[in-house]
Amino acid sequence: MFSAVKEPDLGQNLVSGPLKNSGLGQAFRDSEKRKTAFADLAPYAPSNNQPARFLASSIVDAGGKRVGAAAIQIPINQINQIMQERTGLGKTGETYLVGPDKLMRSDSFLDPKNHTVEASFARPETGKVDTEASRVALTGQSGMNVIIDYNGNPVLSVYGAVDTYGVRWAIIAESDVAEAFVPMDDTGGEFYKKYVKLYGYYDLFLINPNELVFYTAAREPDYQSNMVDGKFSSSNLGRLVRDVLRTKSYGIADFAPYAPSNDDPAAFIAQPIVHKGEVEVIVALQISLEAINAIMQQRDGMGRTGETYIVGSDKLMRSDSFLDPANHSVKASFANPGKGKVDTEASRNALAGQSSSAIIIDYNGNPVLSAYAPLKVGEATWALIAEIDEAEAFETGSALRTLMLWTGLLGGALIGGIGFFIARSLANPVIAMTNAMTRLAQGALDTVIPARNRHDEIGDMAAAVQVFKDNAIEVKRLEAAQKEAEKRAEVEKKKTMNDLADTFEASVKGIVNGVASAATEMQSTAQSMSAISEETSRQATSVAAAAEQASVKVQTVSAAAEELSSSISEISRQVSQAAKISQAAMAQAGHTNEMVQGLAEAANRIGEVVEAHQRHRQPDQPPCPQRHHRGGPGGRGRQGFCRGGLGSEESRQPDRQGNR
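Under the working numbering, think of the first position of the sequence shown as 254, with each following residue one higher.
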């Protein structure tokens, strides 16, 4: 193998070498079956074991025979450059690719420590993306949903499948749900926080159908908790959420200690947003005691000892007492029911559905003039009670009339106020705007934003939602433009790859043809050398009759011829290898030709030596028989020289004497 950057894979054999099971080896083998082969990301040892992907294409000669393959190692940064485009993604949005092994195929924008390509392959236990989005997309499906991302955060996720050369990736675009669903005002503040403060609520919640609390204005511990199996699932809010999901209608949860709010008593109202018969999101509000107390603690006409308060079905306070805040505030009564309960004639009758007035003993053991009535709040029944000390009540004849008047007025105001409070806050602004936001998030960009002409905070919210809509339209336009650009880029990439493969193939064909030509010349030279060797061997047989000193010289010549034969074998081996290498083989061929010429000259000199010995040979010395040796590449016969020649010791004596 030839490598442009000359990493350790240079010169490796992709069929039988250590890289045969690598991505490059796979691409090399697959390119024999189809025009272009792709090997997905996998650690590649020659690149410091970094993840690498390859494209390979076969190279064929003029006769259509495959002579090799051209491969390209695709850099990761080119894909990252496309996937990390930030237009329309806000602060928490990102797009990324996930492979069939759930590991990253592009770098994460939000978690560069664990979810880059390099980090996910190095540490799969922290770098995998095993989410609902990745699992569904890798099956070939696309969709959009609020899910938990790879960091454990709720996100609005849009996902689909990308098929590349037979390999499927998941392409995922995600944004934090709070950023996706919560409109921002002109100052960059969250509208819902402003809304809660303006209308006197304690908190506002957005909850998905899986009962995940993906947004709260107060960011208490219930934020990002699950009301199905989380630690607050048994709370009154958890029960309310499940009831609303079941009935798909508005609901109220009565006061109960709520752990995320320091175990203070809390009540909730919730409204589902339903689309095509399915709950898309639940909007819930935590009622503030301050708003209730502001109504119940009106002092006009109440004298010194008069007060109004509310008691729940458990006979605990639902508003703070004016006369006994230490034991009969809402918080105190839930904290210490033994001292905080109101178990009087008025509370019992009112909770039983009766309305009346009478002189009774109040929760402090004092005789009071008490007027009471039941108050229906959702499925719960509360007792509305107005009381004044008996002595003060009869100081003037109009005291009772005043008390009854205030009781009726306060009761009507409270009932109407709570009803209007709920209808105004949920049914009109929040529900309408949140519903519009949901439709926009679902892609319905033709949604009409309500209340845009108002000049109050609702109008501000409508303006913010309109900005969200305009941005969504712009993002959709940019996405369409980006898809078109990606299509053009894909076409251009394929064209470039084909051109590159064709150019590379033509270049390699030229190299192969050059190497083949050089190999032919080398083989011709080797054949000439073989003929020279045979001629030399033939002439050398006449030297066998020489004396002992000539015999020694002949042995030297034989060794030279044997070395020559080995050189020919080496040349033959190099000829076989020359067809497999590139331009470096041509240089080696030139070097080999020079060596062959040197060996030819040596053979000529050997011939001259042989002729010289023939001139001095004794007439009665017969030539020795030739000895043939098998050796060298290809099993070609190699001729050597024998050392002796005469049949008896006596016949050799005159020759030795002459030589001496």
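Where a beta carbon is used, it is the ideal one built from N, C-alpha and C, also for glycine.
Next on the checklist: According to DSSP, simplified to helix, strand and coil, what is Ala579?
Outcome noted: In the three-state scheme derived from DSSP, where H, G and I count as helix and E and B as strand, Ala579 is classed as coil.
Item to check | Beta-carbon proximity of Leu277 to Ala324, cut-off 8 Å | outcome: Ala324 is positioned such that its CB atom lies closer than 8 Å to that of Leu277.
Next on the checklist: Rounding to the nearest angstrom, what Cα-Cα distance links Phe458 and Thr469 in this structure?
Outcome noted: The alpha-carbon atoms of Phe458 and Thr469 are separated by roughly 5 Å.
Next on the checklist: So for Glu533, helix, strand or coil by DSSP?
Outcome noted: In the structure shown, Glu533 sits in a strand (DSSP, three-state: E or B).
Checklist entry - What is the rounded straight-line gap between the Cα of Ser825 and the Cα of Ala414? => result With a pLDDT of 41 at Ser825, under the threshold of 50, the modelled position of that residue is not reliable, and no figure is offered here.
Checklist entry - Do you know offhand how far Ser574's Cα is from Phe647's? => result Looking at the two C-alpha atoms, the distance is approximately 22 Å.
Checklist entry - To which residues of the same chain is Val564 closer than 6 Å at the C-beta, ignoring the five residues directly before and after it? => result Cβ contact annotation for Val564 (same chain, cutoff 6 Å, sequence separation greater than five): Val595, Ser600, Ala636, in chain order.
Checklist entry - How many Å lie between Gly264 and Gln331 at the Cα? => result Looking at the backbone, the Cα of Gly264 and that of Gln331 are separated by about 28 Å.
Checklist entry - If you draw a straight line from the alpha carbon of Tyr349 to that of Ala390, how long is it in whole angstroms? => result Tyr349 and Ala390: Cα-Cα distance of roughly 12 Å.
Checklist entry - Which class does Glu285 belong to by DSSP, given the choice of helix, strand or coil? => result Coil, per DSSP.
Checklist entry - Hey, Tyr476 and Val466 are a contact pair by Cβ (cut 8 Å); roughly how many whole angstroms apart? => result 6 Å between Cβ atoms; contact.
Item to check | With 16 other Cβ atoms within 10 Å as the buried cut-off, status of Ser760 | outcome: Only weak support exists for where Ser760 lies, its pLDDT of 47 falling under 50; the value from the coordinates is given anyway. Ser760 comes out exposed.
Item to check | Coarse secondary structure for Ala585, derived from DSSP in three states | outcome: For Ala585, the three-state secondary structure derived from DSSP is helix.
Item to check | One or two residues paired with Gln539 in a DSSP bridge | outcome: Per DSSP, the beta-bridge partners of Gln539 are Asp456, Phe521.
Item to check | Inter-residue Cα distance where the pair is Gln607 and Tyr625 | outcome: Gln607 and Tyr625: Cα-Cα distance of roughly 8 Å.
Checklist entry - Would you call the region 543 to 561 and the region 477 to 491 in contact, with 3 or more CB pairs under 8 Å? => result With a cut-off of 8 Å on Cβ pairs, the region 543 to 561 is not in contact with the region 477 to 491, counting fewer than three such pairs.
Item to check | Nearest neighbour of Ala471, chosen from Ile638, Gly453, Ser488, Arg707 [CA to CA] | outcome: With distances taken between Cα atoms, Ala471 lies closest to Gly453.
Next on the checklist: Which same chain residues end up closer than 8 Å to Val420 when comparing Cβ atoms and leaving out the 5 residues on each side of it in sequence?
Outcome noted: Same-chain partners within the cutoff: Phe291, Asp293, Gly352, Pro353.
Checklist entry - Cβ atoms of Val621 and Glu598: under 8 Å apart, would you say? => result Not a contact, by the Cβ cut-off of 8 Å.
Next on the checklist: Can you tell me whether Ser623 is buried or exposed? The criterion is at least 16 other CB atoms within 10 Å of its CB, across all chains shown.
Outcome noted: Burial call: buried.
Checklist entry - Taking the alpha carbon of Glu427 as the point to measure from, which residue in Ile327, Gly441, Asn398 has its own alpha carbon closest? => result Comparing alpha carbon positions, the residue from Ile327, Gly441, Asn398 closest to Glu427 is Asn398.
Item to check | Inter-residue spacing [alpha-carbon to alpha-carbon] between Asn461 and Arg499 | outcome: Computed Cα separation, rounded: 14 Å.
Next on the checklist: Please report the straight-line C-alpha distance between Pro436 and Lys484, rounded to a whole angstrom.
Outcome noted: Going by the C-alpha atoms only, they are around 29 Å apart.
Checklist entry - Which residues mark the beginning and the end of the alpha helix (DSSP H) in which Glu371 is found? => result First-last of the alpha helix (DSSP H) with Glu371: 370 to 375.
Next on the checklist: Using only the alpha-carbon positions, how far apart do Val701 and Ser410 sit?
Outcome noted: Those two C-alpha atoms are separated by around 24 Å.
Next on the checklist: So the candidates are Ser311, Ala605, Gly618, Arg358; which of them puts its Cα closest to the Cα of Asn333?
Outcome noted: Checked all of Ser311, Ala605, Gly618, Arg358; the closest Cα to Asn333 is Arg358.
Checklist entry - Is it true that the CB of Lys722 sits closer than 8 Å to the CB of Leu698? => result In contact: Leu698 and Lys722 (Cβ atoms closer than 8 Å).
Item to check | Cβ-Cβ separation, Leu569 to Gly530 (assumed contact under 8 Å), whole Å | outcome: The C-beta separation of Gly530 from Leu569 comes to about 39 Å, leaving the pair out of contact by the 8 Å criterion.
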